[in-house]
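Visitor: What follows is a structure written as structure tokens; I'll ask about it next.
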Amino acid sequence: MYAIIYNVFSTPRERMVVSAALLIRERGAQATAISDVLKHSRAPRGSAYHYFPGGRMQLLEEATDYAGAYIADKISAADSAVELLDDLTDMYRRQLIRSDYRAGCPIVAVTVEAGDPDNPERTTKVIERAAAAFALWTDLISRRLVSEGVAAPRAEELAMLVTTSIEGAIIVARASRDVKPLDLVQRQLRTLVEEAERKSR
3 MYAIIYNVFS
13 TPRERMVVSA
23 ALLIRERGAQ
33 ATAISDVLKH
43 SRAPRGSAYH
53 YFPGGRMQLL
63 EEATDYAGAY
73 IADKISAADS
83 AVELLDDLTD
93 MYRRQLIRSD
103 YRAGCPIVAV
113 TVEAGDPDNP
123 ERTTKVIERA
133 AAAFALWTDL
143 ISRRLVSEGV
153 AAPRAEELAM
163 LVTTSIEGAI
173 IVARASRDVK
183 PLDLVQRQLR
193 TLVEEAERKS
203 R
């Protein structure tokens with residue numbers, strides 16, 4: 003994992019953002035400290051506040067943006083709606099198994115854990131970024147469905163169903179330590195997407 007970060011992301015700042023996203027998906031937002039990110043990314047000691055003067059919350063915000071963009075790129079790279087569905091579920095399935103069911107979705111972790119009722123202004127930006135990531139994914143899926151002939155209202159509904167069903171399946175799979183929830187969701191969503199595309203022809 004470290005080698006991948008070093009090879010793909012050349013600067014300590016980039017490595018820290020990616021490390022934060024990777025740690026958040028396994029440990030959660032609250033349990034991910036700047037010291038953990040420094041160790042994981044092998045960034046120089048003292049670099050955290052140089053690159054992130056806003057502290058831990060700024061790092062969480064940027065890690066959320068990175069995770070959102072990463073999945074958006076995966077969605078955009080697929081050649082069809084069915085392919086993007088299969089690619090996403092296959093990626094998460096491998097991730098769950100490889101991490102012994104520790105790795106979930108960092109956007110979900112941030113959404114659930116970033117809220118601080120005593121200091122809501124500190125966490126508003128993180129929650130807004132998580133909402134923007136979900137909205138981006140859903141919009142990209144919807145647009146792909148529309149490009150394949152599905153009517154816009156139905157495409158919007160299916161896109162939201164795809165996003166929320168996959169995210170929910172990941173959570174249940176982690177809790178049950180079994181990929182069956184993800185497999186079931188993939189099959190059912192695939193059927194719905196293929197049916198919507200057939201009706202559009």
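In the working numbering, the protein residues as written are 3 to 203. A virtual CB, placed ideally from N, CA and C, is assigned to each residue, including glycine.
Return the CA-CA distance between leucine 98 and aspartate 185, expressed in angstroms with no decimal places.
Guide: Their Cα atoms are separated by approximately 12 Å.
Visitor: Could you pull the start and end residues of the alpha helix (DSSP H) that tyrosine 103 belongs to?
Guide: Run containing tyrosine 103: none; DSSP gives neither H nor E here.
Visitor: Just to confirm the assignment, what range does the alpha helix (DSSP H) spanning glutamate 158 have?
Guide: Where glutamate 158 is concerned, the enclosing alpha helix (DSSP H) stretches over 154 to 178.
Visitor: For histidine 42, count the other beta carbons within 10 Å of its own beta carbon; 16 or more makes it buried, fewer makes it exposed. Which is it?
Guide: Classification of histidine 42: buried, given that the 10 Å Cβ count is 16 or more.
Visitor: Sort Ser21, Val20, Arg17, Ile26 by Cα distance to glutamate 115 and report the nearest one.
Guide: The shortest Cα separation from glutamate 115 among Ser21, Val20, Arg17, Ile26 belongs to Ile26.
Visitor: If you check the beta carbons only, do valine 187 and serine 167 fall under 8 Å apart?
Guide: Closer than 8 Å, so yes.
Visitor: Name the residue from Glu197, Gln190, Glu16, Ser82 whose alpha carbon lies nearest to the alpha carbon of phenylalanine 54.
Guide: For the residues Glu197, Gln190, Glu16, Ser82, the minimum Cα distance to phenylalanine 54 belongs to Glu16.
Visitor: Is DSSP giving threonine 91 helix, strand or coil here?
Guide: Correct three-state label for threonine 91: helix.
Visitor: Classify proline 155: buried if its beta carbon has 16 or more other beta carbons within 10 angstroms, exposed otherwise.
Guide: Burial call: exposed.
Visitor: So is serine 37 buried or exposed if we call it buried at 16+ other beta carbons inside 10 Å?
Guide: So serine 37 ends up on the exposed side.
Visitor: Rounded to a whole number of angstroms, what is the C-alpha to C-alpha distance between tyrosine 72 and valine 164?
Guide: Taking the straight line from one Cα to the other gives about 17 Å.
Visitor: Closest by CA to alanine 79, which one among Val174, Leu160, Trp139, Glu159?
Guide: Minimum Cα distance to alanine 79 is reached at Trp139.
Visitor: Using a Cβ-Cβ cut-off of 7 Å (strictly less than) and excluding sequence neighbours within five positions of arginine 192, which residues of its own chain qualify?
Guide: Val84, Leu87.
Visitor: Report the three-state DSSP secondary structure of alanine 35 (helix, strand or coil).
Guide: Of the three classes helix, strand and coil, the one that applies to alanine 35 here is coil, per DSSP.
Visitor: What is the residue span of the alpha helix (DSSP H) that valine 181 lies within?
Guide: Valine 181 -> no alpha helix (DSSP H), and no H or E assigned at all.
Visitor: By the 10 Å Cβ neighbour count, where 16 or more other Cβ atoms means buried, how is methionine 18 classified, buried or exposed?
Guide: Methionine 18 should be labelled buried.
Visitor: Assuming threonine 66 and alanine 135 form a contact by the criterion Cβ under 8 Å, report the distance between their Cβ atoms to the nearest whole angstrom.
Guide: At roughly 7 Å, the Cβ-Cβ gap stays under 8 Å, so threonine 66 and alanine 135 are in contact.
Visitor: Which residue's Cα is closest to the Cα of alanine 133: Thr34, Arg104, Glu63, Pro46?
Guide: The shortest C-alpha separation from alanine 133 is found at Glu63.
Visitor: Near alanine 171, which residues of its chain fall below 7 Å by C-beta distance, leaving aside the five closest residues on each side in sequence?
Guide: Closer than 7 Å at the Cβ level, and outside the excluded window around alanine 171, lie Pro183, Leu184, Val187.
Visitor: Specify the secondary structure class of phenylalanine 54 as computed by DSSP and reduced to three states.
Guide: The answer is coil: DSSP assigns phenylalanine 54 none of H, G, I, E or B.
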